[in-house]
Amino acid sequence: MQSASDRHEYPAHWEADVVLRDGGTARIRPITVDDAERLVSFYEQVSDESKYYRFFAPYPRLSAKDVHRFTHHDFVDRVGLAATIGGEFIATVRYDRIGAHGMPASAPADEAEVAFLVQDAHQGRGVASALLEHIAAVARERGIRRFAAEVLPANTKMIKVFTDAGYTQKRSFEDGVVHLEFGLEPTERSLAVQYAREHRAEARSVQRLLMPGSVAVVGVGRTPGGVGRSVLGNIRDAGFTGRLHAVNKAFPEELKELDGVPAHRSVRDIEGPVDLAVVAVPADHVPEIVAECGEHGVQGLVVVSAGYAESGPEGRERQRQLVRHARAYGMRIIGPNAFGIINTSQDVRLNASLAPEMPRPGRIGLFAQSGAIGIALLSRLHRRGGGVTGVTGVSTFVSSGNRADVSGNDVLQYWYDDPDTDVVLMYLESIGNPRKFTRLARRTAAAKPLVVVQGAGSAPQGHTVRATRLPHATVSALLRQAGVIRVDTITELVDTGLLLARQPLPTGPRVAILGNSESLGQLTYDACLSEGLRPLPPLDLTTGASAEDFRGALARALADETCDAVIVTAIPAIGEASPGDAELAEALRSAAGAAPAKPVMVVHVELGGLAEALSAAASTAPQVGSQTPGVAGGAHPPPLSASLERGDPHRPAERLPTAVPDPPADSRLIPAYPAAERAVRALAEGVKYARWRREAAEPGKVPEYEDIDEKGAAELIGGLLARGQGLTLGTEATCELLRMYGVHVHRAVAAPTADDAVAAARTLGYPVALKATAPHLRHRADLGGVRLDLADEGQLRRAYAELTGLFGKPEELRPVVQRMAPRGVDTVVRAVIDPAAGAVLSFGLAGAASQLLGDMAHRLVPVTDRDATSLIRSIRTAPLLFGWRGSTPVDTPALEELLLRVSRLVDDHPEVVAVTLEPVVVAPRGLSVLGASVRLAQPPARDDLGPRTLPAY
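This is the structure we're talking about:
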C-alpha cells in the first residue's frame, strides 16, 4: 500500500502501535500519497470548531492543493504521521522544517513548525499526546532540535498537550495567537510524564479486560464438552455480574438460549456493547471472529485457541497476523493459547478461564504464562493439610499463553494501582523487555511485595522475546536489585506470597521460636541459621502444652523487643489436656492479634486440622451450609484438580467454594507450613524484602566528580568510532579514555626480548612483574605465566628465560613488564551494555572465585553510592576484603569510587559497550588497576527513551 517518498524510502520503522489513555489501541504510521482518500474522509468527520482551531479560519473542506501538500512528504523536512483505527485516520500531526525567519528550510536548520488535528470523537483519549511523542522522535532522528507551534488561546486542549509534555519551553502571545517553542531532547520531567502516561494507559487496558460489563464466548459447542462450552459454564457458574452471550455460527436460527445464556450466530447479532470476547474456535477461523469483534466495538480478546507460535513457523506468522488484525481495531489480546483470566471481586465475579471453579477471593494477584503452571498455582493456593494452608485467596489471575500482546509488564501496571491486590506472584517463563520490567518492578516493589519465579531455560517456542547475552544468574541479581523477591520454585512462590499477603513485614532478622517439640524447634533454629537469620534459643513448651500455654508464650515473644518475628512449631499431642486444633488456632490468633506489628507463622506436623482451623479463625475458610453465589443451594462445583500439581500427582483434590466473603482488611491470617525449612525460607525472603524497602525509601546518589572530562571523552570516542563500526581499543587509547574518568591504569611495557624487558624495568623502577599476555595465559598466575617481585636485572633475566622455556617464543607469549603494585586483594570490575537489559556493572574477586564459582555481583547502571557499597558486599567472598581471619582490611572506599567512575563512563557514553578492569589490586590504602580493555560500538537503540510503543509484530 505504501509508496516511496519524494526523497527517501518509506520509513517503516516509524510505524508503531500505541495504547491510548482509555486502554484502547491505535496505530501510528507515516502519511503517504496513497492516503488522499483517507485524509479527505477524516477531514469531513472533524467539526467546524476543530477545523477553525487548526487553520485559524473557517475551512470547511480541503482543496486538491491541500490534499497534495498533506500527503506528499520527503520524510526529512516535511513529515506527516497519522493515528489509525481500523485502517481509518482518527488524528494527524505534521511538521515542516523552518529557518530563522519562519520560512521553509532544509538542514542544517534545526527547527520545525508542528500542527495537530484530532477527530472530535477521539479527543480526550490521549491521541495527540502519543502523536507528539512520536513526531518528536522522528524530528530528533532528522536533526531537528526544536518545535514551534501557534495555537489560538481558546484551543486550551492543544495548549495543554504541549505544556504537559514536560519539554523545556518558551511561550509568548502576539497578534491574538499563543506562540510556543520547546526543545525536543528528553528531560527528566518529559520522561516522567511519558512513563506516567504509559502507566495509566496500560493499566486501563488491562482493567478493561478484567472488569468487563459484558462478555461473549465465541465457539460455544451445541453439545456439552469442548473448550468454548466449558468456559461459558465457568463464567456462568462463577456468578458473573455482567451480561453473558454464547456465540457460534453453527447455531440453528431458532436457538435463542443455551444453558440459560442468550445464544447468537455472530457477535454482530448481539444488541448492545460487548466489552470482552473469549475466542475458542480453531485458529483458521479466528481472523473472521476478530473482524466481527472489531466491527462491533469489542474492547479486548482472550484467545484460548491454540495453533500459533507454539506450533512452529507457520503458526508464528499466524500469530503475527492475529496481533496486527486485533490492534488495527484498537483491541488488546490475552493469548493466544491462553488459559484465561479470573477476577474474584464481588462486583465482577469473572472466571473466563479453563479453571473449573472460581478461586476464593483474596489479596493475591497471580500471573502465569503457562496454563499448566497457572492451574498448579491455583491448586497450591487452595490446598488444605499436608501443605501450605489456604489463608488467603486470589484477587485477579491472568494466564497469558503465548503472550503475543498483553504481557506481565501490562498486568504489573494494573496491579500497582489495584486496591484489591496486596501481593503479586508471577511465574515468568521469559521476560520480553527486561529493562522495562525492572523499572516497573522497582516501582511496584516499593508499594507491595512482588514475588517471581523466573524460568532458567530458553523462552518457550510461542514467546517472542528479545535476546539477552546476560546469564540467568545475572538477570536474577538485577531483579533482586529492583526489589523483586526471586524464588526458585512454585512451592517457594506460594509459601512467600502467603506470608506476605496478611502478615506485616519483619523489621529485622531476629526470630523467636516456640512450640511443643524440642527437636522441631531445634530444626527450625538450624534452618534460621542457614538462611542468615538470627534465631533466639527455642522455647520448648513440652508435649503437654495447652492452648493457653501457647497463647501466653506467643504473647510474651511478641512483646519481647529483641524479637522481630515468631515461628510457632506444633506437633500432635496425646492426652485429655491436649488442645484441639480449633482451640489452638484461636489461641494463636488471639495472641497475634494483640501485637499486629510482628509476623507470626506456624510449622505444623501432620496437623491438617490446625491448618484448616487457622484459616477458619480468620474467617476465610468455607462455612458449613454457606450459600455460594452462582451455584444453586450453595452446592460446590467440581474441585480444582490436584493431579495437575507438581510433585504430588495423585493427591486427591479438596472441595473449595467458588466465592467466600473477603476477610476484613485488618484480620490476622496466620500461614501454616508443613516443614520448618519452608517457613524459614519464606521468612528470610520477607526479611530481605523489608530491608530493601527501608533502603529504597532513601535512595542513593550518583556522585559528581570534578576531574571527569565528559566532553573530551566524547570527542575521543567519536574520533575512534569514525575509523570503524566497532573496535577494541589499544592500550594507549584505553588508558587515555579511562584517565578522563579518573581511572589510572598502571603502565605495562611490551618486552619482545630480554633486553627490552631490562630496559623497561630501568624506566619503571624495580621491583617489577613480568607477565605473559597471550590470551591463553592472561590473568592465569596459576599456570605460571606471571613472575612477581623481580628485584633486579638478574632475577628479571632468569624469569624471562623460564617463561620462554616453559611456554614458547616471546612472540607467542607477548610478555610485558609492569611496576609492582602494593599487595592486596585481586578483584575484577566489568561493565557491559546488554541489548535487552541495558548497561550492567559487575564486580567480583579475580581468579577462580569469579571464573569457576561465578561469584560475581551485578547492578544496573547508573550505580548510586549505596549500590556501590552493596555491590562490594554482595559476593560470597566479600569477607576477604574486610579482614577475614585476621588479615588487614583493604580500602573499600577507593574500590567503591572506582565502581562509580566506571558506571559514570558507560552511562555518559553508551558507545562504550564493554569495559574490563582486571586485575584491580585493592590494598589497605588505595588500589591499582593493572589491566584494562575497552570496546566501542554504536549503542543499541534504547526504547525506554523513545516514544511509547507496543512490542512490534
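Each step along the sequence shown adds one to the number in my numbering, with nothing skipped, and position 745 is 742. All C-beta atoms in this analysis are idealised placements derived from N, C-alpha and C, irrespective of residue type, glycine included.
Secondary structure of residue i, DSSP reduced to three states
{"i": "E108", "result": "strand"}
{"i": "L970", "result": "Residue 970 lies beyond the stretch modelled for the chain, which goes from -2 to 950, so this question has no answer here."}
{"i": "H65", "result": "helix"}
{"i": "I428", "result": "coil"}
{"i": "F53", "result": "coil"}
{"i": "A911", "result": "strand"}
{"i": "R58", "result": "coil"}
{"i": "K768", "result": "strand"}
{"i": "A714", "result": "A small correction: the amino acid at residue 714 is Ile; Ala does not occupy that position in the sequence shown. Looking at I714 - three-state DSSP - the assignment turns out to be helix."}
{"i": "V190", "result": "helix"}
{"i": "G883", "result": "helix"}
{"i": "V30", "result": "helix"}
{"i": "P353", "result": "coil"}
{"i": "A584", "result": "helix"}
{"i": "V450", "result": "strand"}
{"i": "P310", "result": "helix"}
{"i": "P209", "result": "coil"}
Pick from the options that is closest to residue i, judged by C-alpha positions
{"i": "G359", "options": "V420, R75 and S516", "result": "V420"}
{"i": "T725", "options": "T153, V912, S900 and R744", "result": "V912"}
{"i": "V111", "options": "V124, R26, R58 and F179", "result": "F179"}
{"i": "Y686", "options": "V449, L924 and I667", "result": "V449"}
{"i": "V174", "options": "V918, P468, R66 and R51", "result": "R51"}
{"i": "M598", "options": "I667, A567 and G577", "result": "I667"}
{"i": "I232", "options": "E250, S211 and R932", "result": "S211"}
{"i": "T435", "options": "I82, S126 and N406", "result": "N406"}
{"i": "G494", "options": "D752, R265 and S392", "result": "S392"}
{"i": "A754", "options": "L793, F86 and L780", "result": "L793"}
{"i": "D234", "options": "T471, L347, P468 and V158", "result": "L347"}
{"i": "C290", "options": "A325, T504 and P259", "result": "A325"}
{"i": "G762", "options": "A875, G709 and A788", "result": "A788"}
{"i": "E314", "options": "S47, I286 and D281", "result": "D281"}
Endpoints, the beta strand (DSSP E) within which residue i is located
{"i": "F840", "result": "G835 to L842"}
{"i": "Q815", "result": "P812 to R816"}
{"i": "K167", "result": "Q166 to E171"}
{"i": "H855", "result": "M853 to L857"}
{"i": "P27", "result": "T22 to P27"}
{"i": "L787", "result": "V783 to L787"}
{"i": "P564", "result": "Pro is not the amino acid found at residue 564; the sequence shown has Ile there. Counting along the chain, the beta strand (DSSP E) containing I564 begins and ends at A562 to A567."}
{"i": "I339", "result": "G337 to N340"}
{"i": "A80", "result": "R75 to I82"}
{"i": "E178", "result": "V174 to G180"}
Outcome for residue i when other beta-carbon atoms lying within 10 angstroms are tallied against a minimum of 16
{"i": "T486", "result": "exposed"}
{"i": "P532", "result": "buried"}
{"i": "S527", "result": "exposed"}
{"i": "P886", "result": "exposed"}
{"i": "F170", "result": "exposed"}
{"i": "R945", "result": "buried"}
{"i": "G337", "result": "buried"}
{"i": "Y702", "result": "exposed"}
{"i": "F879", "result": "exposed"}
{"i": "P876", "result": "exposed"}
{"i": "K768", "result": "buried"}
Heavy atom of the ligand SAM within 7 angstroms of residue i beta-carbon
{"i": "E110", "result": "The ligand content of the structure shown is nil, which means the ligand SAM is not present either."}
Span of the alpha helix (DSSP H), counted from its first residue to its last, around residue i
{"i": "P890", "result": "T889 to D905"}
{"i": "N231", "result": "V224 to D234"}
{"i": "G791", "result": "E790 to F804"}
{"i": "S376", "result": "G368 to L378"}
{"i": "S473", "result": "H469 to Q478"}
{"i": "A748", "result": "No alpha helix (DSSP H) contains A748, which DSSP labels as neither H nor E."}
{"i": "G928", "result": "Element bounds for G928: n/a, residue is neither H nor E."}
{"i": "V287", "result": "V283 to H293"}
Continuous alpha helix (DSSP H) assignments of at least 4 residues falling wholly in the region 678 to 740: Whole alpha helix (DSSP H) segments, 4+ residues: 707 to 718 and 728 to 736.
Every unbroken alpha helix (DSSP H) within the region 397 to 443, with a cutoff of 4 residues, ordered by chain: Listed in chain order, the complete alpha helix (DSSP H) runs (minimum 4 residues) inside the region 397 to 443 are 405 to 414 and 431 to 442.
Every unbroken beta strand (DSSP E) inside the region 91 to 164 [3 residues or more]: Counting only runs of 3 or more, we get 108 to 115 and 143 to 148.
Sequence ranges, alpha helix (DSSP H) only - wholly within the region 499 to 536, length at least 4: Segments of the alpha helix (DSSP H) lying fully in the region 499 to 536: 515 to 527.
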